[in-house]
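There are 2 protein chains.
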Amino acid sequence: MSFEILAKDARTLARAGKLTMTHGEVLTPIFMPVGTQGTVKGMTPEVLYAIDAQILLGNTYHLYLRPGHELIQSFGGLHRFMGWDRPILTDSGGFQVYSLGDLRKISEEGVTFRSHLDGSLHTLSPEKSIEVQQGLGSDVMMCFDECAPYPASHEYVTHSMDMSMLWAERCKIAHEQAKERKIALINPAQHLFGIVQGGMYPDLRARSVERLQAIGFDGYAIGGLSVGEPKPLMFEMLEQTAPLLPENAPRYLMGVGTPLDLVRGAALGIDMFDCVMPTRNARNGSLFTKQGKMTIKQAQYRDDQRPIEPDCQCYTCRNFSRAYLRHLFISKEILASILNTIHNLYFYLDLMSRIRKAIAENRFDEFKVRFEREYVE
Amino acid sequence: MSFEILAKDARTLARAGKLTMTHGEVLTPIFMPVGTQGTVKGMTPEVLYAIDAQILLGNTYHLYLRPGHELIQSFGGLHRFMGWDRPILTDSGGFQVYSLGDLRKISEEGVTFRSHLDGSLHTLSPEKSIEVQQGLGSDVMMCFDECAPYPASHEYVTHSMDMSMLWAERCKIAHEQAKERKIALINPAQHLFGIVQGGMYPDLRARSVERLQAIGFDGYAIGGLSVGEPKPLMFEMLEQTAPLLPENAPRYLMGVGTPLDLVRGAALGIDMFDCVMPTRNARNGSLFTKQGKMTIKQAQYRDDQRPIEPDCQCYTCRNFSRAYLRHLFISKEILASILNTIHNLYFYLDLMSRIRKAIAENRFDEFKVRFEREYVE
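Going down the list, the sequences are from chains A and B. The opening residue of the first sequence carries number 1 in full-length UniProt numbering; numbering runs sequentially from there. The opening residue of the second sequence carries number 1 in full-length UniProt numbering; numbering runs sequentially from there.
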């Protein structure tokens, strides 16, 4: 995988880079909007292009169950199925089946679970997850892993991490074999990322990094964070883990986070982020601004003629008032979700763009200090 | 009001024309998408411009209750509030309060009703309806009327129509007085349409036309049709009423209808139509094609790689398959409503464009015959 580091900040670990994949280039640090069911909720691809979304995340678990990866494969992959021609990263389904709780059973072989849609029985294993992701034809596949709960004992997490590392090796083998056997793939240039686990135990995180590096991946993700632990603990883990990762490969912090998390994550050398927060919050009427979140249904916005943010260049802010957005939200109009999502995603993507620019201009530390001062979580 | 007839069909009563209003020109015959609560459900103005929507219908009843016409007036009117700069026609609220059934009480003065939102008590009268529509600043206002139920006795409808005609006169007076008193209006160039009532009684319809003409309006609507009567009866009424209307004013058939209704209505000289059908059907997964309606959730579309209509030029058909649209609908994704609405509105607006072209080229009769043969309702 071509990953080029374009600039490094002098005072933090932040770096700006460029990932090159079959479906195009991605400038890092980047935020990936989540397209769970083959769509970023409420967004046409046209709108996503307009706000300059560079790469989307697709959920293997959901697409495997509905409409099924074979169907998507028969359409030439997820890009063609959903009409999106820029890069896509797919998760492995591991986190979703883990989240099913009582509906799933984990063994060395893989995870047996019941569909949240119809209760039908399925098994996801490292090999199956790779097969599904190959059918989807994403640009980046993720290793199938187990996400340890929080809190969990050192013993539990040791066992869980060991299993995830064995699974990571099986994913790598499955990925290599498909290439060796010259199986007709939707996207022959797929990349595979390993996922660091180890819960809140620095020794296990370090061991996990070592084992993944020994296997060798195109990129390295940090998983198992933002699973209920206090925020300072998350950053403690991140501070200890991120520097262990190879310098010349992209680093992806999974499922994170708030705007502050993105700024602080970038400062620790993270290149990629994803989170449902901007899209889900938008549908709940919670809008991001440089000062913090705004709850659009509040009475104070009833006759407020200003846009969400006066200096925001998104379609929503260029055309609509807070009062109109409040009216749409209270009236349960679909357009509320659309306009709010445009703004929140624009906010996230614009934030990443400002982070990249600050790194390139070697003033990221200053940018971070100001952002932390102005943004109230 | 400037209404220019550009072409007349030789074998039917169809005519093609141009309406000129403050916010722009509208080519007729035209279909007006319905924007009940200050938005065409699921559509940004940008998308509506892209499918060439020329004029929208806004609902006075809904906007009066929420967010309130004073609020919209303080924003400079509905156009600015919702970010739509082409013409808007507002209904009078009459039909909506009539539809409230037990929640409303009609007297000569007006209609007292309880809000469907919070049960609060309100009164709409001819004067109040005009005041609200002036606050909204629409390009075309409609007279406040009573829509007689179907079936109803000759006696009932006589009384109801008489009252509606008195109300029409009061609307005209309210409209004139605002102009005379030079009250600061949001849109000083508002036009006012009268509405023909008279149920299914040709003598009452004729009397209603006479009385409206005596008052004098910028345009004439036919109301009280498509209220549950058999389709042939609706067209019987239309055939008898439409030719009585003044030739040189626009004619608007309210709340109608199916694609076949539009073609047949145009053949009887109707210039304007509105209906929730394309937008509501879209959200229910019912899509219009030149052969009739398609229910997108059907299993036959599971792996159908074709667009809804192979020769349709809408964004949805140019980019997405039936299988993808089926997946979105079954997954209850917002994007299903968006893409389906784009297609259905494009279908309706494109149909009107083809009707106008056929009239201009003096082959509308032939167009109608072919459409009636190919389109199965």
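Every residue, glycine too, gets a C-beta built ideally from N, C-alpha and C. In this text the structure is predicted, and so the values were computed from the model without any measurement.
CA-to-CA distance, residue j to residue i, given in whole angstroms
{"i": "A/LEU325", "j": "A/ALA336", "result": "6 Å"}
{"i": "B/ASP365", "j": "B/ARG104", "result": "44 Å"}
{"i": "A/GLY119", "j": "A/PHE113", "result": "9 Å"}
{"i": "A/ILE222", "j": "A/GLU109", "result": "23 Å"}
{"i": "A/ILE338", "j": "A/MET43", "result": "7 Å"}
{"i": "A/SER160", "j": "A/GLY219", "result": "21 Å"}
{"i": "B/ILE201", "j": "B/HIS154", "result": "According to the sequence as given, residue 201 of chain B is Tyr; it is not Ile. Going by the C-alpha atoms only, they are around 7 Å apart."}
{"i": "A/SER99", "j": "A/PRO151", "result": "15 Å"}
{"i": "B/LEU349", "j": "B/PRO307", "result": "18 Å"}
{"i": "B/ALA267", "j": "A/SER321", "result": "43 Å"}
{"i": "A/ASN187", "j": "A/ALA53", "result": "21 Å"}
{"i": "A/LEU65", "j": "A/ASP102", "result": "18 Å"}
{"i": "A/GLN73", "j": "A/GLU46", "result": "23 Å"}
{"i": "B/MET82", "j": "B/LEU260", "result": "31 Å"}
{"i": "A/MET163", "j": "A/CYS147", "result": "11 Å"}
{"i": "A/ASP224", "j": "B/MET352", "result": "For clarity, residue 224 of chain A is Gly in the given sequence; the question names Asp instead. C-alpha separation (whole angstroms): 56 Å."}
{"i": "B/GLN298", "j": "B/GLN305", "result": "14 Å"}
{"i": "B/ARG11", "j": "B/ARG370", "result": "15 Å"}
{"i": "residue 381 of chain B", "j": "A/MET141", "result": "Shown here, chain B extends from 1 to 377; a query on residue 381 of chain B therefore has no answer."}
{"i": "A/CYS26", "j": "B/GLU25", "result": "According to the sequence displayed, residue 26 of chain A carries Val and not Cys. C-alpha separation (whole angstroms): 44 Å."}
{"i": "B/LEU57", "j": "A/ARG280", "result": "31 Å"}
{"i": "A/GLN96", "j": "A/HIS191", "result": "21 Å"}
{"i": "B/LEU13", "j": "B/GLY269", "result": "5 Å"}
{"i": "B/ILE195", "j": "B/TRP167", "result": "10 Å"}
Neighbour list for residue i in chain A, Cβ cutoff strictly below 9 Å
{"i": "B/ASN319", "result": "THR44, PRO45, GLU46 and GLY83"}
{"i": "B/ILE338", "result": "GLY42, MET43, THR44, ILE334 and ILE338"}
{"i": "B/LEU71", "result": "ARG302, ASP303, ALA323 and HIS327"}
Neighbour list for residue i in chain A, Cβ cutoff strictly below 7 Å
{"i": "B/SER331", "result": "GLN37 and ARG66"}
Own chain residues within Cβ distance below 7 Å of residue i, not counting five before or after
{"i": "B/GLN291", "result": "GLU374, TYR375 and VAL376"}
{"i": "B/HIS79", "result": "HIS23, ASP85, ILE88 and GLY137"}
{"i": "A/LEU185", "result": "GLN134 and ALA178"}
{"i": "B/MET294", "result": "LEU287 and ILE308"}
{"i": "A/GLU229", "result": "TYR150 and MET200"}
{"i": "A/TYR301", "result": "ARG322, ALA323 and ARG326"}
{"i": "B/TYR156", "result": "ALA148"}
{"i": "residue 385 of chain A", "result": "Residue 385 of chain A lies beyond the residue range present for chain A, which begins at 1 and ends at 377; the question has no answer from this structure."}
Chain-ordered neighbours of residue i on chain B, where CB pairs are closer than 9 Å
{"i": "A/PHE75", "result": "ASP303, GLN305, SER321, ALA323 and TYR324"}
Same chain only: Cβ atoms within 6 Å of residue i, ignoring 5 sequence neighbours per side
{"i": "A/MET21", "result": "PRO87 and ASP139"}
{"i": "A/PHE347", "result": "PHE288"}
{"i": "A/THR123", "result": "GLY110 and THR112"}
{"i": "B/SER129", "result": "SER92, GLY93 and PHE144"}
{"i": "B/ALA282", "result": "ASN340, THR341 and ASN344"}
{"i": "B/ALA16", "result": "LEU6, ALA7, ARG356, ILE359 and ALA360"}
{"i": "B/HIS62", "result": "THR36 and GLN37"}
Cβ-based neighbour list, residue i, same chain, cut-off 8 Å, excluding 5 preceding and 5 following
{"i": "A/GLY257", "result": "SER226, GLY265, PHE273, CYS275 and MET277"}
{"i": "A/ASP303", "result": "ALA323"}
{"i": "A/HIS354", "result": "This sequence places Arg at residue 354 of chain A; His is not what is there. Here the set comprises PHE367."}
Where the region 292-324 of chain B meets chain A: residues whose CB sits under 8 Å from a CB there: ARG302, ASP303, GLN305, TYR315, ASN319, PHE320, SER321, ALA323 and TYR324
Specify whether the region 241-250 of chain B and the region 310-318 of chain B touch according to this definition: at least 3 beta carbon pairs, one from each stretch, less than 8 Å apart. no
Using 8 Å as the cut-off, can you tell me whether the region 161-174 of chain B makes contact with the region 251-259 of chain B, which would need three or more C-beta pairs spanning the two stretches below that distance? no
Can we say the region 77-93 of chain B touches the region 130-142 of chain B, given the rule of at least three CB pairs closer than 8 Å? yes
Check whether the region 343-363 of chain B and the region 5-25 of chain B touch, using three or more Cβ-Cβ pairs below 8 Å as the test. yes
Under 8 Å, with one C-beta from each stretch per pair, do the region 179-187 of chain A and the region 204-211 of chain A reach the 3-pair mark? no
Is the region 31-39 of chain B in contact with the region 317-333 of chain A, if contact means three or more CB pairs nearer than 8 Å? yes
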